[in-house]
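K.L.:
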Amino acid sequence: MKKSWETIRNYFPIFGFVIVVVFFSIATKGAILSGTSLQSLLNQAIATALVSIGSVFVFGCGCFDMSMGGTLCMTAVLGGYAGIASGSIFVMALACLATALVLSLLKGLFAAYVEVPLFIVTIVLGFVLSALVLVIMGTETTILLNDAVKPIPSFNFTQMSAINIVALAGFFIVCVILFNFTALGRKVKILGGNPVTARQTGLNSVNIKLISFIISGVGVALAALVALLRIRSVGSTYGADMGTDVMIALVLGGMPLTGGPRTRISAGIIGALTITVLNSGLSMLGLDLAIIQIFRAVIYLAVVYVASMTYRTNLLPR
Amino acid sequence: MNEDKLIIETRQLCKNFGPTIALNHVDLKIYRGQITGLIGENGSGKSTITSILAGMQPASSGEMFFKGKPHKPSTMIEGAALGIGMIVQEQGYVSGISIAQNIFLGEEGRFRRHGIISRSAMVKAAQEALNNIGCNDIDASWYIEQIDLQDRKLVELARVMASNPEVLVVDETTTALSQRGRSIIYDIMRRMRDEDKAVIFISHDLDELMEVCDRMVVLRDGNLITDLDKPEFEPNLIKRHMVGRDMGEKYYREDYDGTVSDEVVLDVDNVTSGSGLLINFSMQVHKGEILGIGGLSHCGMHELGKVVFGEEKILTGSVTHVPSGQKIRDARHAIKLGMGYVSKDRDHEALVLSASIRDNISSAGLDKINDGPFILPNKEKAYVNQQVQTLSIKCASINQNVQYLSGGNKQKVVFGKWIGRDCDILILDCPTRGVDVGVKAAMYALIDDMKRQGKTIIMISEELAELIGMADRLLILKDGSLAGEFQRSRQLTEHEIIECMI
Ligand SMILES: Nc1ncnc2c1ncn2[C@@H]1O[C@H](COP(=O)(O)OP(=O)(O)OP(=O)(O)O)[C@@H](O)[C@H]1O
Ligand SMILES: [Mg+2]
Chain Y
40 MKKSWETIRN YFPIFGFVIV VVFFSIATKG AILSGTSLQS LLNQAIATAL VSIGSVFVFG
100 CGCFDMSMGG TLCMTAVLGG YAGIASGSIF VMALACLATA LVLSLLKGLF AAYVEVPLFI
160 VTIVLGFVLS ALVLVIMGTE TTILLNDAVK PIPSFNFTQM SAINIVALAG FFIVCVILFN
220 FTALGRKVKI LGGNPVTARQ TGLNSVNIKL ISFIISGVGV ALAALVALLR IRSVGSTYGA
280 DMGTDVMIAL VLGGMPLTGG PRTRISAGII GALTITVLNS GLSMLGLDLA IIQIFRAVIY
340 LAVVYVASMT YRTNLLPR
Chain X
853 MNEDKLIIET RQLCKNFGPT IALNHVDLKI YRGQITGLIG ENGSGKSTIT SILAGMQPAS
913 SGEMFFKGKP HKPSTMIEGA ALGIGMIVQE QGYVSGISIA QNIFLGEEGR FRRHGIISRS
973 AMVKAAQEAL NNIGCNDIDA SWYIEQIDLQ DRKLVELARV MASNPEVLVV DETTTALSQR
1033 GRSIIYDIMR RMRDEDKAVI FISHDLDELM EVCDRMVVLR DGNLITDLDK PEFEPNLIKR
1093 HMVGRDMGEK YYREDYDGTV SDEVVLDVDN VTSGSGLLIN FSMQVHKGEI LGIGGLSHCG
1153 MHELGKVVFG EEKILTGSVT HVPSGQKIRD ARHAIKLGMG YVSKDRDHEA LVLSASIRDN
1213 ISSAGLDKIN DGPFILPNKE KAYVNQQVQT LSIKCASINQ NVQYLSGGNK QKVVFGKWIG
1273 RDCDILILDC PTRGVDVGVK AAMYALIDDM KRQGKTIIMI SEELAELIGM ADRLLILKDG
1333 SLAGEFQRSR QLTEHEIIEC MI
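Line by line, the protein sequences give chains Y and X.
So that you can map any letter, position 194 of the first sequence is 233 in our numbering, and since no number is skipped, the others follow by simple counting.
So that you can map any letter, position 323 of the second sequence is 1175 in our numbering, and since no number is skipped, the others follow by simple counting.
#1: When we look at the beta-carbon of TYR883/X and count the other beta-carbons within 10 Å, is it buried (16 or more) or exposed?
#2: Return the residue from the list GLU1318/X, CYS1247/X, VAL1022/X, ASN1253/X that minimises the CA-CA distance to GLY895/X.
#3: Can you list, in chain order, the residues of its chain whose CB lies under 6 angstroms from that of TYR1193/X, leaving out five sequence neighbours each side?
#4: Need the endpoints of the beta strand (DSSP E) that ALA1335/X sits in, please.
#5: Near LEU317/Y, what residues of its chain come up, given a Cβ to Cβ distance below 6 angstroms and the 5 sequence neighbours on each side ignored?
#6: Could you give the DSSP three-state label for TYR1296/X: helix, strand or coil?
#7: Kindly identify the DSSP beta-bridge partner or partners of GLN1136/X.
#8: Using a C-beta cutoff of 9 angstroms, does VAL1171/X count as contacting chain Y?
#9: Nearest by alpha-carbon distance to ILE1131/X: which of CYS1151/X, GLY1146/X, ASP1114/X, ILE1145/X is it?
#10: Just how far apart, CA to CA, sit ARG1285/X and GLY1033/X?
#11: Does THR236/Y have its Cβ less than 9 angstroms from a Cβ in chain X?
#12: Along the stretch 202-235 of chain Y, where does the CB come closer than 7 angstroms to a CB of chain X? Name the residues.
#13: Need the endpoints of the beta strand (DSSP E) that GLN198/Y sits in, please.
#14: If the criterion is Cβ atoms closer than 9 angstroms, does the pair LEU264/Y and GLY109/Y meet it?
#15: Counting only Cβ-Cβ distances shorter than 9 angstroms, please list the residues of the stretch 239-250 of chain Y near chain X, keeping chain order.
#16: Alpha helix (DSSP H) containing VAL1159/X: first to last residue?
#17: Residues in the stretch 1188-1206 of chain X with C-beta within 8 angstroms of chain Y's C-beta atoms, listed in sequence order?
#18: For the beta strand (DSSP E) that contains MET1311/X, what are its first and last residues?
#19: With DSSP as the reference, label SER950/X as helix, strand or coil.
#20: DSSP state of PRO156/Y, grouped into three classes?
#21: Listing by chain order, which chain X residues have their CB less than 8 angstroms from the CB of PRO300/Y?
#22: Is any heavy atom of ligand 2 found at a distance shorter than 8 angstroms from the C-beta of GLU154/Y?
#23: Output yes if chain Y places a C-beta closer than 9 angstroms to the C-beta of SER1215/X; else output no.
#24: For a cutoff of 9 angstroms on Cβ pairs, would you count VAL1114/X as touching chain Y?
#25: Give the interface partners of ASN1222/X over in chain Y, defined as CB-CB distance under 9 angstroms, in chain order.
#26: So is ALA222/Y buried or exposed if we call it buried at 16+ other beta carbons inside 10 Å?
#27: In whole angstroms, what separates the C-alpha of LEU1061/X from that of ILE229/Y?
#28: For ligand 1, is there any heavy atom lying closer than 8 angstroms to the beta carbon of GLY948/X?
#29: Of the residues that make up the stretch 1081-1098 of chain X, which ones have a beta carbon closer than 8 angstroms to any beta carbon in chain Y?
#30: Given a limit of 8 angstroms on CB to CB distance, which residues of the stretch 1150-1172 of chain X reach chain Y?
#31: What does DSSP give as the partner residue(s) for LEU875/X in the beta ladder?
#32: Is there a Cβ of chain C sitting closer than 9 angstroms to that of LEU1001/X, yes or no?
#33: In the structure shown, what three-state DSSP assignment does THR809/X receive?
#34: Tell me which residues share the same chain as SER1113/X and place their Cβ nearer than 7 angstroms to its Cβ, disregarding the 5 neighbours each side in the sequence.
#35: By the three-class DSSP mapping on this structure, what secondary structure does PHE173/Y have?
Put into structure tokens, the structure is as follows:
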């Protein structure tokens, strides 16, 4: 019984995804799977997946990062400005990477050395970043790549799809290798599972956390770059929902937000797909934005509750 | 046996965990006015059957009777209310609250005065419960974290006894306790028996069981094998029933040669530990030496293990790894220098309970199963399987989470985690805690092997027999300082050592 239950539980995220897709296909009478909406769905899913896959490492080792949205927004904005100022995709990419890495390293240092709970630090950081974006952008609400000093090449649908796929597949594969076939993944799981044990086992928690944040920084940079190339603009509220989307994605993908041994890379990608379908499905149903937010909160709580319930009943004292 | 005295009976009781059969049609009888010992190898179903009786988990099938009536408690609280109190093998307290709150967990209502809970009344009652079992030195108003592992067990005992049970279950508790803790538990058990109540006592210490129990029930792989009365107690017979075959005679080391090389590998110089439990303590440990460390509760021996491994802050003095000349800074540094440490508090410090056997064992040997930056799954599997076999860890597969293992099997995982690493200096704090005799013998053989390979072992233990049986040299601590030192010898007796401890 127990064994089969565990195996079944591994498939929950996929069942969840299928159920969500089927439900919204019926509810929107197939509209959600039609050409244009499928295309926009995939575009959103790619950004969420890139950020979520990187976050798997961060949440996995027990770091509760609530500032993914702010980090993504700041990265896209600074990347966009760099692109406009230079007219070069290369400089834009470099600026994205630099911004995301600096912010992630900052968070990593906090996580490694400061005793204040990280979720508090990152909530504050999220607010600070949003405010800074507004300061930087001044009176503008959106910046357009078309204002660049030299024209930045634009890509057609096929080219854009190729870029998306290369970015996502490449990052996914690298992360799978890092997580499953190097010591890093094992260390992340032990550190998230029991920090005292990790220390007594000689694991270097500072390094593990910093590397995890660096990986998540790369994911954010890729997400920002891909989005810039596709939308060719960025607004001051870009990525506002990303923070919560990532957390819901990881939970829907089957890993606890407290990290530990049940951490898995697949949680990032499956969860990102599910939450994206959920988000677009809800908005296609024409629901009010406030209702959608409430709905998301309910789903989030339900999934966390179910996950923690199975966890508790399994921990009989003996 | 007089069937009037029958208090608990199970008929054809079964319990499965997926493919694992933990209990196989067990007919167990427990009588009043007796201490019944329950013995069996690790994973034989002892904790499972007693926890079902106490209401912690349901049986898969079968019936239970308590005082002649069908018995099917659905929670531990219900079991306790009916009169079955259990001291569990693993953590049985709630962290972050006071001792008094732990003792009256779920019964806070008793202390309600004018709508609010009277803290002072609760502390007073809790202190009475503690005094009642002879623990006057534990202050009920303290937080549970302020006392050590042994005293936490005694708090559990006070909690169970406060509800005046008719049946007391003590599950594999004594090996974590020092002499004092043990005698408190023995006294309570005898008191229960004299009051015509019943006691079920689970332990792997055969001598202890033979002394304390009036009757012994042997389990093997979930089957009830036999039921022996005091006159039938005979160690080899009992062991044969436990393992199903004759066991080798070899147990501890057979040689009495306590000479070791002059080469010092560890130099503990005038250390006072942050917790204040170790005061101006110095010792030297040699290459190829098994150094035993013993003492009463609060003597500082567990802190000494942590101090040497760099896991505890030191206020003065230093610990030097002599071959490299380096002072040990922290656990990571110690491991780099070839050290390893088996903590006494396995659930909180040594294991990640929700991780698999594989992840736990490989975590200390990641640099042994790699090829460049990559971990080789096959190498990892072989590495882990090696430990599972050597220590006969009873599990469904190496991917099983350690939280589902029996207590003794968890301990084997911790031991295996460090044995696999091939450390030069191994610090073992109660390494055989809760482990059955067969595997204990295997562990002793491994320790002896390591010594022969020139490795150094520091063995901290509550079990004097084990210290006498294994150590080249035995240090006895008292109030944080050295109280005595004994060389290995055939003549060394427990009596001599206890004299020195008190
Ligand atoms: N929650 C669980 N899930 C899966 N298997 C379990 C669970 N609890 C116990 N088992 C299995 O049932 C068997 C009996 O376990 P039990 O804890 O009763 O052993 P035990 O006799 O108390 O051993 P020990 O001496 O090591 O404490 C073991 O094989 C154990 O792995
Ligand atoms: Mg047990």
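Note that beta-carbon positions come from the ideal geometry of N, C-alpha and C, so glycine has one too.
P.N.:
So, to answer that:
#1: Start at 1 with the first residue of the second sequence, and residue 883/X comes out as number 31. Per the 10 Å Cβ criterion, buried.
#2: Along the second sequence, read from residue 1 onward, the residue named residue 895/X stands at position 43. Taking only the C-alpha atoms, the option nearest GLY895/X is CYS1247/X.
#3: Your numbering for residue 1193/X matches position 341 in the second sequence. PHE1161, ILE1279, listed in sequence order.
#4: Counting from one through the second sequence, the residue named residue 1335/X turns up at place 483. Where ALA1335/X is concerned, the enclosing beta strand (DSSP E) stretches over 1333-1339.
#5: One-based indexing of the first sequence puts residue 317/Y at position 278. These residues qualify, in order along the chain: VAL59.
#6: Residue 1296/X sits at position 444 when you count from the first residue of the second sequence. Here TYR1296/X sits in helix by DSSP.
#7: For this step, residue 1136/X is matched to residue 284 along the second sequence. Answer is ASP1119/X, bridged to GLN1136/X.
#8: Position 319 of the second sequence, counted from the start, is the residue given in the question as residue 1171/X. Closer than 9 angstroms: no.
#9: Looking up residue 1131/X in the second sequence gives position 279. Nearest of CYS1151/X, GLY1146/X, ASP1114/X, ILE1145/X to ILE1131/X, Cα basis: CYS1151/X.
#10: The count along the second sequence starts at 1 and reaches residue 1285/X at position 433. The count along the second sequence starts at 1 and reaches residue 1033/X at position 181. For ARG1285/X and GLY1033/X, the distance between alpha carbons rounds to 15 angstroms.
#11: For this step, residue 236/Y is matched to residue 197 along the first sequence. With 9 angstroms as the cut-off, THR236/Y counts as an interface residue toward chain X.
#12: PHE220, THR221, ALA222, ARG225, LYS228, ILE229, GLY232, ASN233, VAL235
#13: Position 159 of the first sequence, counted from the first residue, corresponds to residue 198/Y. Here GLN198/Y belongs to no beta strand (DSSP E); instead the alpha helix (DSSP H) covers 196-220.
#14: Here residue 264/Y is taken as the residue at index 225 of the first sequence, counted from 1. Here residue 109/Y is taken as the residue at index 70 of the first sequence, counted from 1. Taking 9 angstroms as the Cβ cut-off, LEU264/Y and GLY109/Y do not qualify as a contacting pair.
#15: GLN239, THR240, GLY241, LEU242, ASN243
#16: Here residue 1159/X corresponds to residue number 307 of the second sequence, with the count starting at 1. From DSSP, the alpha helix (DSSP H) with VAL1159/X extends over 1153-1160.
#17: LYS1188, TYR1193, SER1195, HIS1200, GLU1201, ALA1202, LEU1203, VAL1204, LEU1205, SER1206
#18: Taking the second sequence and counting its residues from 1, the one referred to as residue 1311/X is at position 459. Residues 1308-1312.
#19: If you number the second sequence from 1, residue 950/X lands on position 98. DSSP places SER950/X in strand when its eight states are reduced to three.
#20: Counted from its first residue, the first sequence places residue 156/Y at position 117. PRO156/Y: coil per DSSP, three-state reduction.
#21: The residue given as residue 300/Y occupies position 261 in the first sequence. In chain order: VAL1204, SER1206, ALA1207, SER1208, ASP1211, ASN1253.
#22: By one-based count along the first sequence, residue 154/Y stands at place 115. The answer is no for GLU154/Y.
#23: Looking up residue 1215/X in the second sequence gives position 363. Interface residue, yes.
#24: Taking the first residue of the second sequence as 1, we reach residue 1114/X at position 262. A quick correction: the sequence has Asp, not Val, at residue 1114/X. No, ASP1114/X does not count as interfacial toward chain Y.
#25: Within the second sequence, the letter at position 370 stands for residue 1222/X. Near ASN1222/X (Cβ distances below 9 angstroms), the residues of chain Y are THR221, ALA222.
#26: As a working mapping, residue 222/Y is identified with position 183 in the first sequence. The residue is buried, with at least 16 neighbouring Cβ atoms inside 10 Å.
#27: By one-based count along the second sequence, residue 1061/X stands at place 209. By one-based count along the first sequence, residue 229/Y stands at place 190. Straight-line Cα distance between these residues: approximately 38 angstroms.
#28: For this step, residue 948/X is matched to residue 96 along the second sequence. The answer is no for GLY948/X.
#29: none
#30: PHE1161, GLU1163
#31: The sequence position of residue 875/X within the second sequence is 23, counting from 1. LEU875/X pairs with LYS867/X.
#32: Looking for chain C here will not work: the only protein chains present are Y and X.
#33: As displayed, chain X neither begins before 853 nor continues past 1354, which places residue 809/X out of reach and without an answer.
#34: As a first step, residue 1113/X must be located in the second sequence, where it is residue number 261. Excluding sequence neighbours, SER1113/X sits near HIS1138, LYS1139, GLY1140.
#35: For the purposes of this step, residue 173/Y is taken as residue 134 along the first sequence, with counting starting at 1. Here residue 173/Y is Leu; the residue named in the question, Phe, does not match the sequence. DSSP places LEU173/Y in helix when its eight states are reduced to three.
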